[in-house]
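From first to last, the protein sequence lines are chains A and B.
For the first sequence, the residue numbers in our numbering are 204 to 432.
For the second sequence, the residue numbers in our numbering are 204 to 432.
Note sheet for the following structure.
Protein chains: 2
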Amino acid sequence: MSPDESARSNPSARSPRIPGELTVDGKKIPKAVIKRLSLYARALQVFSANRIEKLSSQELGDALEVNPAQVRKDLAYFGQFGIPGFGYYVEELRSRIKEILGTDRLVRIALIGVGNLGQALLSYAAFRKEGFIFVAAFDTDNRKVGIERNDVPIMHCDEIGKKFRALAIDIAILAVPVSAAQEMTDVAVEAGITAILNFVPVRLKVPDHVKVHYVDLAIEIESLSYYLK
Amino acid sequence: MSPDESARSNPSARSPRIPGELTVDGKKIPKAVIKRLSLYARALQVFSANRIEKLSSQELGDALEVNPAQVRKDLAYFGQFGIPGFGYYVEELRSRIKEILGTDRLVRIALIGVGNLGQALLSYAAFRKEGFIFVAAFDTDNRKVGIERNDVPIMHCDEIGKKFRALAIDIAILAVPVSAAQEMTDVAVEAGITAILNFVPVRLKVPDHVKVHYVDLAIEIESLSYYLK
DNA sequence: TAGATTGTTAATCGATTAACAATC
DNA sequence: TAGATTGTTAATCGATTAACAATC
């Protein structure tokens, strides 16, 4: 079977075969589309909580400062979700987007590095509300190992190899010092991880099948500085 | 004098006149360029620390996974920094980029919201190393008001109006609950702030001259989820 | 039916990469 | 001089927006 034959009638079918390059039915999906999809899902949750049962691409776009054509185009990558002349059912659209994102279930997260930032992330209640759960944290400091933090057990980094598989970790969040970042990454990759959210200000070397997102707080502030008068 | 006449021979002159739209000598500067400039500055710092005195756009690009033509093009927005056939002097390029970014001096930051995330940011040593200093933090919880955290005094949010001006705050970091985000933003804007780094998952309404950068941790994780096999 | 809004194609806009003359 | 690498223009690539036939 050729890669193209993986196209199916199921409109939200995912067929990522070339590592790092995501396609649905042969179309490449820009990274920005995925980010907006996630924003749509959250906005729809709010509409739903406010007892709004239907809306148009215009209304959804207005809530997020996104062009309505953009909203429709983003959705079109994955199928048809609306009714011409009517709009979208809020709950249905929300749940189908969550399905596309793969967040229609609990996503299991491991934290590597229980410093200040790591601890803040552990205690960030919004994660749980949005369907993410910390199942384990790892640190090399023996004073931290063995205790719990926000109901999350802290284990030694030496156990990453064993525990990542046993606990079926989906995503690793990296919040260690620069000096430890690459080594911890290598261990996590060796343990089979395929997605890393990296807060460490260093470029990580990973195999093609591993996806890394970078959040760089200092760069965010520095680039804001440019816009000061 | 027409806006275009603000073009000067000084290549790094900044002339942002249309609020929110940044131009240098009439050219628009993409936001992505500013982010990369900040990455270049940090990488150059590392080269410098390793006693590397010169490099080419190829070498700088390699370190950051950026195309060398991209490096040169980014710099070209602001002037000429290299020597044909030779490359760039590391220290000179670094200091000129810092100048462009406006981070060749301490940038003064105020934190609004001293919850878990806020406290983590206060204790994030990397900020200080990169030239940012927290000069004040604000919270509405009277148990926190009056004490210090990482040498930063915590004041009541009612004082934002007065203190922002007195302390010459450059950038506000917003880390409050969703319910308080817009009100705190309004107060900060009223107090003259022009740059906000917002960690709260809500769209802020601000006047055109105020620049907001969004860091949305839940969206980062959710969009990573999409890339799981 | 008339009005509204989708899904989709075409047009526009912007950003990245390639190529190369200029030049150290 | 010969070799290397810049700065810059042209070509490519990708993403956003506009427009509109299809259709509920």
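Note that CB positions come from ideal geometry on N, CA and C, so glycine has one too.
Which stretch, first to last residue, makes up the alpha helix (DSSP H) that contains Val379 of chain A? What you label residue 379 of chain A is simply residue 176 of the first sequence in a count that begins at 1. Run containing Val379 of chain A: none; DSSP gives neither H nor E here.
Val381 of chain B burial status per 10 Å Cβ neighbour count (16 or more: buried): Numbered from 1 along the second sequence, position 178 holds the residue referred to as residue 381 of chain B. Its Cβ having fewer than 16 others within 10 Å, Val381 of chain B is exposed.
If you reduce the DSSP assignment to three classes, tell me which class Phe330 of chain A lands in. If you number the first sequence from 1, residue 330 of chain A lands on position 127. Shown here, Phe330 of chain A sits in a helix according to DSSP, grouped into three states.
Put Leu247 of chain A into one of helix, strand or coil per three-state DSSP. What you label residue 247 of chain A is simply residue 44 of the first sequence in a count that begins at 1. Three-state DSSP puts Leu247 of chain A in a helix.
Of all Cβ atoms in chain A, is any one closer than 8 Å to the Cβ of Gly305 of chain B? Here residue 305 of chain B refers to the residue found at position 102 when the second sequence is read from its first residue. Closer than 8 Å: yes.
Within-8 Å CB hit, Phe335 of chain B to chain A: Mapped onto the second sequence, residue 335 of chain B falls at position 132. Yes, Phe335 of chain B lies at the interface with chain A (some Cβ there is under 8 Å from its Cβ).
How many angstroms separate the CA atom of Glu425 of chain A from the CA atom of Pro287 of chain A? For this step, residue 425 of chain A is matched to residue 222 along the first sequence. For this step, residue 287 of chain A is matched to residue 84 along the first sequence. Going from the Cα of Glu425 of chain A to the Cα of Pro287 of chain A covers about 45 Å.
Could you confirm whether any beta carbon from chain B is found closer than 8 Å to the beta carbon of Leu278 of chain A? Position 75 of the first sequence holds residue 278 of chain A. Not closer than 8 Å to any Cβ of chain B, the Cβ of Leu278 of chain A fails to qualify, so no.
Within 8 Å of any Cβ in chain B, is that where the Cβ of Asn454 of chain A sits? With chain A covering only 204 through 432, there is no way to say anything about residue 454 of chain A.
Would you list, in chain order, the members of the segment 304-326 of chain B that have their beta-carbon closer than 9 Å to a beta-carbon of chain A? For the segment 304-326 of chain B, which is checked against every Cβ of chain A, the residues closer than 9 Å are Leu304, Gly305, Thr306, Val310, Ile312, Gly318, Asn319, Leu320, Gly321, Gln322, Ala323, Leu324, Leu325 and Ser326.
Kindly indicate the opening and closing residues of the beta strand (DSSP E) around Ala340 of chain B. The residue given as residue 340 of chain B occupies position 137 in the second sequence. Phe335 to Asp342 is the span of the beta strand (DSSP E), which, as asked, contains Ala340 of chain B.
Could you tell me the alpha carbon to alpha carbon distance between Gly318 of chain B and Thr343 of chain B, rounded to whole angstroms? Looking up residue 318 of chain B in the second sequence gives position 115. Looking up residue 343 of chain B in the second sequence gives position 140. Near 11 Å, if we compare the C-alpha coordinates of Thr343 of chain B and Gly318 of chain B.
Find out if the Cβ-Cβ distance for the pair Arg355 of chain A, Leu325 of chain A is shorter than 8 Å. Your numbering for residue 355 of chain A matches position 152 in the first sequence. Your numbering for residue 325 of chain A matches position 122 in the first sequence. The sequence given here places Val at residue 355 of chain A; Arg does not occur at that position. The answer is yes: Cβ separation under 8 Å.
Step through the CB atoms of chain A and report whether any lies within less than 8 Å of the CB of Ser251 of chain B. Position 48 of the second sequence, counting from 1, holds the residue named residue 251 of chain B. No, its Cβ sits nowhere closer than 8 Å to a Cβ of chain A.
Among B:Val390, B:Val403 and B:Ile374, the one whose alpha carbon lies nearest that of His359 of chain B: Translated into positions along the second sequence, residue 359 of chain B becomes position 156. Here the closest residue by C-alpha is B:Val390.
Taking the Cβ atom as the reference point for each residue, do Gln322 of chain B and Arg346 of chain B lie within a distance shorter than 8 Å? The residue labelled residue 322 of chain B in the question sits at position 119 within the second sequence. The residue labelled residue 346 of chain B in the question sits at position 143 within the second sequence. For the pair Gln322 of chain B and Arg346 of chain B, the CB atoms are not nearer than the 8 Å cut-off.
Return the residues of the segment 351-368 of chain B that lie within a Cβ-Cβ distance of less than 8 Å from chain A, sorted by chain order. none
Cα-Cα separation, Val413 of chain A to Glu294 of chain A: Walking along the first sequence from the start, residue 413 of chain A turns up at place 210. Walking along the first sequence from the start, residue 294 of chain A turns up at place 91. Linking Val413 of chain A to Glu294 of chain A through their CA atoms gives a straight-line distance of about 32 Å.
Which residue or residues does DSSP assign as beta-bridge partners of Ile286 of chain B? Reading the second sequence from its first residue, position 83 is the one you call residue 286 of chain B. Paired residues: B:Gly290.
For my contact list, Arg297 of chain A and Ser259 of chain A are in at a C-beta cut-off of 8 Å; report their separation, rounded to the angstrom. For the purposes of this step, residue 297 of chain A is taken as the residue at position 94 of the first sequence. For the purposes of this step, residue 259 of chain A is taken as the residue at position 56 of the first sequence. With a Cβ gap of about 15 Å, Arg297 of chain A and Ser259 of chain A do not count as contacting.
Per DSSP, cross-strand counterpart(s) of Ile357 of chain A: Numbered from 1 along the first sequence, position 154 holds the residue referred to as residue 357 of chain A. Answer is A:Ala340.
Checking contacts by CB at 8 Å: is Glu294 of chain B closer than that to chain A? Working through the second sequence from its first residue, we reach residue 294 of chain B at position 91. No, because no Cβ of chain A sits closer than 8 Å to the Cβ of Glu294 of chain B.
List the residues of chain A whose Cβ lies closer than 7 Å to the Cβ of Lys432 of chain B, in chain order. Translated into positions along the second sequence, residue 432 of chain B becomes position 229. Those within 7 Å of Lys432 of chain B in chain A are Thr397.
Contact between the segment 393-408 of chain B and the segment 365-381 of chain A: three or more CB pairs below 8 Å? no
Nearest to Val405 of chain B by alpha carbon, out of A:Val227, A:Glu268 and A:Arg254? Position 202 of the second sequence, counted from the start, is the residue given in the question as residue 405 of chain B. Minimum Cα distance to Val405 of chain B is reached at A:Glu268.
Can you find a CB in chain B that lies within less than 8 Å of the CB of Tyr429 of chain A? Against the first sequence, residue 429 of chain A aligns to sequence position 226. It does: the Cβ of Tyr429 of chain A has a partner Cβ on chain B nearer than 8 Å.
Between Tyr280 of chain B and Lys230 of chain B, which are expected to be in contact by the criterion C-beta below 8 Å, what is the C-beta distance as a whole number of angstroms? On the second sequence, residue 280 of chain B is found 77 positions in, with the first residue counted as 1. On the second sequence, residue 230 of chain B is found 27 positions in, with the first residue counted as 1. So it is a contact: roughly 6 Å between Cβ atoms.
Look at the Cβ atom of Ala313 of chain B, then the Cβ atom of Val274 of chain B, and state whether they are nearer than 8 Å. Mapped onto the second sequence, residue 313 of chain B falls at position 110. Mapped onto the second sequence, residue 274 of chain B falls at position 71. No; because the gap between Cβ atoms is not below 8 Å, this pair is not in contact.
Under 8 Å, Cβ to Cβ, is there at least one residue of chain B near Val418 of chain A? Within the first sequence, numbered from 1, the residue matching residue 418 of chain A stands at position 215. Chain B, which has a Cβ nearer than 8 Å to the Cβ of Val418 of chain A, makes this yes.
If you draw a straight line from the C-alpha of Thr306 of chain B to the C-alpha of Arg311 of chain A, how long is it? Position 103 of the second sequence holds residue 306 of chain B. Position 108 of the first sequence holds residue 311 of chain A. Straight-line Cα distance between these residues: approximately 39 Å.
Does the ligand GTP have a heavy atom nearer than 7 Å to the CB of Leu258 of chain A? Summarising the ligand content, the structure contains no ligands, and the ligand GTP is consequently not present.
State yes or no: is the C-beta of Phe330 of chain A within less than 8 Å of the C-beta of Ala272 of chain B? Along the first sequence, read from residue 1 onward, the residue named residue 330 of chain A stands at position 127. Along the second sequence, read from residue 1 onward, the residue named residue 272 of chain B stands at position 69. Not in contact: Phe330 of chain A and Ala272 of chain B (Cβ atoms no closer than 8 Å).
Minimum C-alpha distance to Leu431 of chain A - residue among B:Tyr430, B:Val415 and B:Lys432: Looking up residue 431 of chain A in the first sequence gives position 228. Of the listed residues, the one whose Cα sits closest to Leu431 of chain A is B:Val415.
Do the CB positions of Leu407 of chain A and Thr388 of chain A come within less than 8 Å of each other? Against the first sequence, residue 407 of chain A aligns to sequence position 204. Against the first sequence, residue 388 of chain A aligns to sequence position 185. In this structure, Thr388 of chain A lies closer than 8 Å to Leu407 of chain A by Cβ.
Under a three-way DSSP split, which group does Ala394 of chain B fall into? As a working mapping, residue 394 of chain B is identified with position 191 in the second sequence. DSSP places Ala394 of chain B in coil when its eight states are reduced to three.
Please list, in chain order, the residues of the segment 371-394 of chain B that have any C-beta partner in chain A closer than 7 Å. Asp373 and Ile374
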